[in-house]
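Student:
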Amino acid sequence: MRLIQFFDNGDYCLTSRPSEISPEPLDDKPFYGILSHRWGPAGDEITYQELMDGKRRSIRESDLARVGFRKLQFCQQRAAKEGLRYFWIDTCCINKQDQSELSYALNSMFHWYKQALRCYVYMSDVACTTGGEAIQNMTFENSQWFKRGWTLQELIAPTSIVFYSREGTYVGSKRSLEKEIHQITKIPAKALRDSSSLSTFSAEERFKWTHGRKTTRPEDMAYCLLGIYDVWMTLIYADGDWYTLESRAIERLKSEIKDKRGKEEVVVIGGASWSDLSAISDHRLPELDQDIREYTA
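25 is the number that the UniProt record's numbering gives to position 25 of the sequence shown; each next residue is one higher, with no gaps.
1) So who's on the other strand from L214, going by DSSP bridges?
2) Which complete beta strand (DSSP E) runs does the UniProt domain "Heterokaryon incompatibility" (32–138) hold, if anything under 3 residues is left out?
3) Using the Cα positions of G240 and L225, report the straight-line distance between them to the nearest angstrom.
4) Does DSSP put S195 in a helix, a strand or coil?
5) Rounded to the nearest angstrom, what separates R60 and A191 at their Cα positions?
6) Between which two residues does the alpha helix (DSSP H) containing L3 stretch?
7) Helix, strand or coil for S173? Go by DSSP, reduced to three states.
8) Who are the Cβ neighbours of A238 in its own chain at under 7 Å, not counting the five residues just before and after it?
9) Between which two residues does the beta strand (DSSP E) harbouring F207 extend?
10) Indicate the three-state DSSP secondary structure (helix, strand or coil) for S165 in the structure shown.
11) CB-CB under 8 Å to G33, same chain, minus the five flanking residues each way: which ones, in chain order?
12) When DSSP labels each residue in this structure, what does L226 get in the three-state scheme?
13) Does I236 pass the burial test, meaning 16 or more other C-beta atoms within 10 Å, or should it be called exposed?
14) Tell me, to the nearest whole angstrom, how far the beta carbon of Y223 is from that of A249; I am working on the premise that it is less than 8 Å.
15) Tell me whether A134, by its Cβ, gets closer than 6 Å to a heavy atom of the ligand GTP.
16) Given I135, which residues of its chain have a CB within under 7 Å of its CB, disregarding the five upstream and five downstream residues?
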């Protein structure tokens with residue numbers, strides 16, 4: 001996982017090598033913010049190749065003609081205000097020309113969003129001078145950010161999410177806008193509040209949350225759900241009929257979900273699975289121990 005590092009004088013650079021951040025908690029990992037956004041037209045976003053030399057640079061006025069630099073400036077401003085030194089932006093922190101790195105990144109992305117100190121949503125199609133204005137004129141609920149496949153996990157994974165308009169106006173947080181977000185997405189409040197609760201929702205219910213969402217590549221309609229189901233898949237992209245490619249990827253995803261479910265639902269005694277046993281209250285444990293002793297006698 002590479003990170004953008006910001007400096008007090010306004011400079012920034014891409015970390016020279018992937019940081020040692022992993023899905024497992026690490027005591028020495030840096031605090032970082034993470035950006036959620038819709039990609040702009042080809043050529044407008046900042047790429048890894050532009051920053052790969054790791055040199056310190058500053059944002060010039062001429063750079064701001066590209067939306068990618070306006071997003072970078074937005075991240076820099078948030079970092080300065082909230083005391084963050086590091087940020088992750090998908091457009092430039094992944095070497096997408098390296099297929100193994102791309103596969104690792106897309107499989108890890110849910111965890112990276114979950115570990116971020118805060119997720120900043122930059123809504124390029126929401127214009128407002130106050131957060132209330134965005135809610136009242138319905139530009140918030142009509143934002144294309146709610147229609148993209150990858151932004152589903154970006155909404156669910158982080159604990160702290162804040163929404164901003166394209167002018168950098170604060171619209172609200174995931175918690176303060178919970179009612180509106182639920183009405184827009186139909187995702188239960190429980191899932192919005194705590195991503196660790198996802199396993200309590202059936203695979204079918206979680207898949208319904210993708211209704212109305214789209215991805216640029218057909219296979220990504222499956223890959224954008226890897227973190228939602230906590231599974232790992234080898235990414236395969238190909239040319240061909242959109243519906244066929246999407247269907248194949250989703251069938252592969254279903255197979256991974258089925259395999260994972262089979263491993264978790266190990267029959268222990270009396271048909272109980274690990275998930276059943278984890279729900280047993282403390283006062284029932286002695287009773288269970290006695291049952292096991294009698295069963296094995």
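Heads up, the beta-carbon is just placed ideally off N, CA and C, and yes, glycines get one too.
The model shown is predicted, which means the values in this text are computed figures rather than measured ones.
Tutor: According to the structure data:
1) One-based indexing of the sequence shown puts residue 214 at position 214. The amino acid occupying residue 214 in the given sequence is Lys; Leu does not appear at that position. Bridge pairing for K214: R148 [DSSP].
2) 32–37, 86–88, 118–123
3) Looking up residue 240 in the sequence shown gives position 240. Looking up residue 225 in the sequence shown gives position 225. Taking the straight line from one Cα to the other gives about 22 Å.
4) For the purposes of this step, residue 195 is taken as the residue at position 195 of the sequence shown. Three-state result, S195: helix.
5) Reading the sequence shown from its first residue, position 60 is the one you call residue 60. Reading the sequence shown from its first residue, position 191 is the one you call residue 191. About 41 Å.
6) Here residue 3 corresponds to residue number 3 of the sequence shown, with the count starting at 1. Looking at the DSSP string, L3 is not in any alpha helix (DSSP H), and its letter there is neither H nor E.
7) To locate residue 173, count along the sequence shown from 1; it is residue 173. Strand at S173.
8) On the sequence shown, residue 238 is found 238 positions in, with the first residue counted as 1. So the qualifying residues of the chain are L245.
9) Translated into positions along the sequence shown, residue 207 becomes position 207. Run containing F207: none in the beta strand (DSSP E); it sits in the alpha helix (DSSP H), 203–208.
10) Working through the sequence shown from its first residue, we reach residue 165 at position 165. Strand at S165.
11) Working through the sequence shown from its first residue, we reach residue 33 at position 33. C75, R78, A79, E82, L84, Y86, F87, W88, A116, L117, R118, C119, Y120, listed in sequence order.
12) Your numbering for residue 226 matches position 226 in the sequence shown. Of the three classes helix, strand and coil, the one that applies to L226 here is helix, per DSSP.
13) Residue 236 sits at position 236 when you count from the first residue of the sequence shown. By the neighbour-count rule (16 or more Cβ atoms within 10 Å), I236 is not buried but exposed.
14) Counting from 1 along the sequence shown, the entry for residue 223 is found at position 223. Counting from 1 along the sequence shown, the entry for residue 249 is found at position 249. At roughly 7 Å, the Cβ-Cβ gap stays under 8 Å, so Y223 and A249 are in contact.
15) Among the ligands in the structure shown, none appear at all, so the ligand GTP cannot be discussed.
16) Residue mapping note: residue 135 aligns to position 135 of the sequence shown, counting from 1. The answer, listed in chain order, is E180.
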